[in-house]
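Engineer: Structure incoming, see below.
2 protein chains.
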Amino acid sequence: MPRGEAYEPTTRTTPTRARDRAAYDHETVHAILDAGYVCHLGFVRDGSPVVLPTLYGRVGDRLYLHGSSGSRPLRMAGEATGEAPDPGLEVCVTVTHVDGLVLARSAFHHSVNYRCVVVHGTAHQVTDPEEKKAALDALVDHVVPGRAADSRPGNAKELAATAVLRLDLREVSAKIRSGGPNDEPEDLALPYWSGVLPVAPVYGAPIPSDDLAPGTPEPAYLSAR
Amino acid sequence: MPRGEAYEPTTRTTPTRARDRAAYDHETVHAILDAGYVCHLGFVRDGSPVVLPTLYGRVGDRLYLHGSSGSRPLRMAGEATGEAPDPGLEVCVTVTHVDGLVLARSAFHHSVNYRCVVVHGTAHQVTDPEEKKAALDALVDHVVPGRAADSRPGNAKELAATAVLRLDLREVSAKIRSGGPNDEPEDLALPYWSGVLPVAPVYGAPIPSDDLAPGTPEPAYLSAR
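Going line by line, the protein sequences match chains A and B.
If you use the numbering used here, the first sequence corresponds to residues 235 to 459, in order.
If you use the numbering used here, the second sequence corresponds to residues 235 to 459, in order.
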């Protein structure tokens, strides 16, 4: 159910089926994006699709994607810098969380509970130093909230070696499947177990580096993760 | 380190950086594929990239991807069926597992431990009924090993409503990052905690359907998941 502001659906953000699973409101979309830190970045190279796992962060209505200055999508997005304005790189960025395995009595109705967001748009290299710093802080804080302020900030050489892509959130949709299996009425009497097996990422005990100075306290934001 | 048979590296499966993280041997690639069940399927539509989360299964050197007969990539892969041979759909399929968050003393050296496989190729609709059935069994068993034999098999109507894409594993690479942070020597004395926060998907207690017949036993393969 849409709440508050929402992204405008377009042809490619309107699913051809299971339309009741689609959502466009900012609250739902941002919550799914903020719950993750690895997206799958799709782009076209020499006419062929490429999909790479990539770290991201969100600041308001912008996604920031991170890579080495030498990596292919980052180079492609920046290829026309110089006198000509940066043409950007057309991308599709998808973030998916799996919440449960849905076991129906029939093989056909097996499914997965998930929350996902798909973003279409043109990504541009971030060249403004202040925006780049803020984006990198957002990236680190997406992985471990609170960590950006508790580490050494990047120096000039490191910032130059890091490329950041900005992707405005405009053509965006969320898709959510939740709840139990949708078994056929005539299958209810079959002798198979039916239900949901919940799944979620769980963090283990932090493993300190071998060279960590003895007595260095474990930060509170790690225990909270 | 390659062991046994390996996939032949190509230009697009050879990383431009961090080449020591790449692997091509079947054992490594298949283990990463078999540890998951949701891939990110990339394809090109009207010249633009599209990335969708999709269920998959592996049978030998073939990946099978699953979708509704009405879904866009499945329709696109089958558009030229009839007299002309199926031209297929050029895809990139990526499977990613996140194993840990890598916290370095410097923001720049923050990273994520992961295992991922990227497959490039042309996917074709599976039309042979026996192959389709075997593929759907593999898909269900990827999600919950042992489940395909313990559910009602698809009937003719369900099989017609389900489309399956086959993608041969030929142009394939794995990429793995593991271990602790790579801090700069001059950063080792900084007062920041450094190390790895492990993360893994953890399955909760199975939630039976409301309409499950009382006394239906919980299958052993669920407790093992």
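Note that beta-carbon positions come from the ideal geometry of N, C-alpha and C, so glycine has one too.
All values reported here derive from a predicted model rather than from experimental measurement.
Chain A beta carbons: is any one of them nearer than 7 Å to that of residue 461 of chain B?
Structural biologist: The question about residue 461 of chain B has no answer, for chain B in this structure spans 235 to 459.
Engineer: Using a beta-carbon distance below 7 Å, is residue 413 of chain B in contact with chain A?
Structural biologist: What you label residue 413 of chain B is simply residue 179 of the second sequence in a count that begins at 1. Chain A contact via Cβ: absent.
Engineer: Does the distance from the C-beta atom of residue 306 of chain B to that of residue 400 of chain B stay below 7 Å?
Structural biologist: Your numbering for residue 306 of chain B matches position 72 in the second sequence. Your numbering for residue 400 of chain B matches position 166 in the second sequence. Not in contact: residue 306 of chain B and residue 400 of chain B (Cβ atoms no closer than 7 Å).
Engineer: Identify the contact partners of residue 348 of chain B in chain A, using a Cβ-Cβ distance below 7 Å as the criterion.
Structural biologist: As a first step, residue 348 of chain B is located in the second sequence; it is residue number 114 there, counting from the start. The contacting residues are 287.
Engineer: If distances are taken between C-alpha atoms only, which option among B/266, B/244, B/245 and B/299 comes closest to residue 408 of chain B?
Structural biologist: Translated into positions along the second sequence, residue 408 of chain B becomes position 174. The candidate whose alpha carbon is nearest that of residue 408 of chain B is B/266.
Engineer: Within 10 angstroms of its Cβ, does residue 340 of chain B collect 16 or more other Cβ (buried), or is it exposed?
Structural biologist: For the purposes of this step, residue 340 of chain B is identified with residue 106 of the second sequence, where counting begins at 1. Residue 340 of chain B is buried by the Cβ-count criterion.
Engineer: Examine the Cβ distances between the region 332-351 of chain B and the region 421-428 of chain B and report whether three or more of them are shorter than 8 Å.
Structural biologist: Touching, per the Cβ criterion.
Engineer: By how many angstroms is the C-alpha of residue 330 of chain A removed from the C-alpha of residue 419 of chain A?
Structural biologist: Here the question's residue 419 of chain A lines up with position 185 in the first sequence. Here the question's residue 330 of chain A lines up with position 96 in the first sequence. Cα to Cα, the separation comes out at about 31 Å.
Engineer: Contact between the region 343-350 of chain A and the region 368-382 of chain A: three or more CB pairs below 8 Å?
Structural biologist: They do not touch, by the three-pair rule.
Engineer: Going by the CB atoms, is the gap between residue 274 of chain A and residue 356 of chain B shorter than 7 Å?
Structural biologist: As a working note, residue 356 of chain B is residue 122 in the second sequence. As a working note, residue 274 of chain A is residue 40 in the first sequence. No; because the gap between Cβ atoms is not below 7 Å, this pair is not in contact.
Engineer: May I ask you to report which of helix, strand or coil DSSP gives residue 330 of chain A?
Structural biologist: Within the first sequence, the letter at position 96 stands for residue 330 of chain A. Strand.
Engineer: Report yes or no: is there a C-beta of chain A within less than 7 Å of the C-beta of residue 376 of chain B?
Structural biologist: Taking the second sequence and counting its residues from 1, one reaches residue 376 of chain B at position 142. Closer than 7 Å: no.
Engineer: Can you check whether the CB of residue 290 of chain B is closer than 7 Å to the CB of residue 406 of chain B?
Structural biologist: Position 172 of the second sequence, counted from the first residue, corresponds to residue 406 of chain B. Position 56 of the second sequence, counted from the first residue, corresponds to residue 290 of chain B. Contact: no.
Engineer: Which residues does DSSP pair with residue 435 of chain A in a beta bridge?
Structural biologist: Numbered from its first residue, the first sequence carries residue 435 of chain A at position 201. The partner list for residue 435 of chain A (beta bridge, DSSP) reads B/435.
Engineer: Per DSSP, residue 402 of chain A forms a beta bridge with which residues?
Structural biologist: Locating residue 402 of chain A in the first sequence gives position 168, counting from the first residue. According to DSSP, residue 402 of chain A bridges with A/296.
Engineer: Identify the contact partners of residue 453 of chain A in chain B, using a Cβ-Cβ distance below 9 Å as the criterion.
Structural biologist: As a first step, residue 453 of chain A is located in the first sequence; it is residue number 219 there, counting from the start. Going along chain B in sequence order, the residues near residue 453 of chain A (Cβ under 9 Å) are 337, 426 and 427.
Engineer: According to DSSP, is residue 385 of chain B helix, strand or coil?
Structural biologist: Looking up residue 385 of chain B in the second sequence gives position 151. Three-state DSSP puts residue 385 of chain B in coil, outside helix and strand.
Engineer: Closer than 6 Å by C-beta to residue 383 of chain B: which residues in its own chain qualify, once you throw out the five before and the five after it? Chain order, please.
Structural biologist: Here residue 383 of chain B corresponds to residue number 149 of the second sequence, with the count starting at 1. Excluding residues within five positions, none has a Cβ falling inside 6 Å.
Engineer: Is residue 298 of chain B close to chain A, meaning its C-beta is less than 7 Å from at least one C-beta of that chain?
Structural biologist: Start at 1 with the first residue of the second sequence, and residue 298 of chain B comes out as number 64. So, not an interface residue.
Engineer: Kindly list, in the order they appear in chain B, the residues whose Cβ is closer than 7 Å to that of residue 308 of chain A.
Structural biologist: The count along the first sequence starts at 1 and reaches residue 308 of chain A at position 74. Result: empty, since nearest Cβ-Cβ is about 10 Å, beyond 7 Å.
Engineer: In angstroms, rounded to a whole number, what distance separates the CA positions of residue 316 of chain B and residue 442 of chain B?
Structural biologist: The residue labelled residue 316 of chain B in the question sits at position 82 within the second sequence. The residue labelled residue 442 of chain B in the question sits at position 208 within the second sequence. Bear in mind that a pLDDT of 48 at residue 316 of chain B, under 50, signals an unreliable position, so the model cannot answer this.
Engineer: CA-CA distance, residue 395 of chain A and residue 324 of chain B?
Structural biologist: For this step, residue 395 of chain A is matched to residue 161 along the first sequence. For this step, residue 324 of chain B is matched to residue 90 along the second sequence. Roughly 33 Å separates the two Cα atoms.
Engineer: Apart from the five residues just before and just after residue 270 of chain B, which ones in its own chain have a Cβ nearer than 7 Å to its Cβ?
Structural biologist: Reading the second sequence from its first residue, position 36 is the one you call residue 270 of chain B. Closer than 7 Å at the Cβ level, and outside the excluded window around residue 270 of chain B, lie 329 and 331.
Engineer: Give the interface partners of residue 446 of chain B over in chain A, defined as CB-CB distance under 8 Å, in chain order.
Structural biologist: For this step, residue 446 of chain B is matched to residue 212 along the second sequence. Ordered by position in chain A, the residues that pass the 8 Å Cβ test against residue 446 of chain B are 427, 428 and 429.
Engineer: Please confirm if residue 231 of chain B has its CB atom under 7 Å from at least one CB of chain A.
Structural biologist: For chain B, the structure presents residues 235 to 459; residue 231 of chain B sits outside this window and is missing.
Engineer: What number of angstroms, rounded off, separates the C-alpha of residue 397 of chain A from the C-alpha of residue 321 of chain A?
Structural biologist: For the purposes of this step, residue 397 of chain A is taken as residue 163 along the first sequence, with counting starting at 1. For the purposes of this step, residue 321 of chain A is taken as residue 87 along the first sequence, with counting starting at 1. Their Cα atoms are separated by approximately 16 Å.
Engineer: Can you round the beta-carbon distance between residue 378 of chain A and residue 456 of chain A to whole angstroms, since I take them to be within the 8 Å contact cut?
Structural biologist: To locate residue 378 of chain A, count along the first sequence from 1; it is residue 144. To locate residue 456 of chain A, count along the first sequence from 1; it is residue 222. Right, the Cβ-Cβ distance comes to about 7 Å (below 8 Å), so this counts as a contact.
Engineer: Determine, for residue 388 of chain A, whether the minimum Cβ-Cβ distance to residues of chain B falls below 7 Å.
Structural biologist: Here residue 388 of chain A refers to the residue found at position 154 of the first sequence. With 7 Å as the cut-off, residue 388 of chain A counts as an interface residue toward chain B.
Engineer: Run through DSSP, which three-state label would residue 241 of chain A get?
Structural biologist: Locating residue 241 of chain A in the first sequence gives position 7, where the first residue counts as 1. Looking at residue 241 of chain A - three-state DSSP - the assignment turns out to be coil, as it is neither helix nor strand.
Engineer: Look at the Cβ atom of residue 335 of chain A, then the Cβ atom of residue 431 of chain A, and state whether they are nearer than 7 Å.
Structural biologist: Translated into the one-based positions of the first sequence, residue 335 of chain A becomes position 101. Translated into the one-based positions of the first sequence, residue 431 of chain A becomes position 197. Cβ distance < 7 Å, so residue 335 of chain A and residue 431 of chain A count as in contact.
Engineer: Where does residue 360 of chain A fall in DSSP's three states?
Structural biologist: Sequence index remark: in the first sequence, residue 360 of chain A carries index 126 (1-based). Residue state, collapsed to three classes: coil.
Engineer: According to DSSP, which residues form a beta bridge with residue 349 of chain B?
Structural biologist: Start at 1 with the first residue of the second sequence, and residue 349 of chain B comes out as number 115. In the DSSP output, where bridge partners are listed per residue, residue 349 of chain B has B/331 and B/410.
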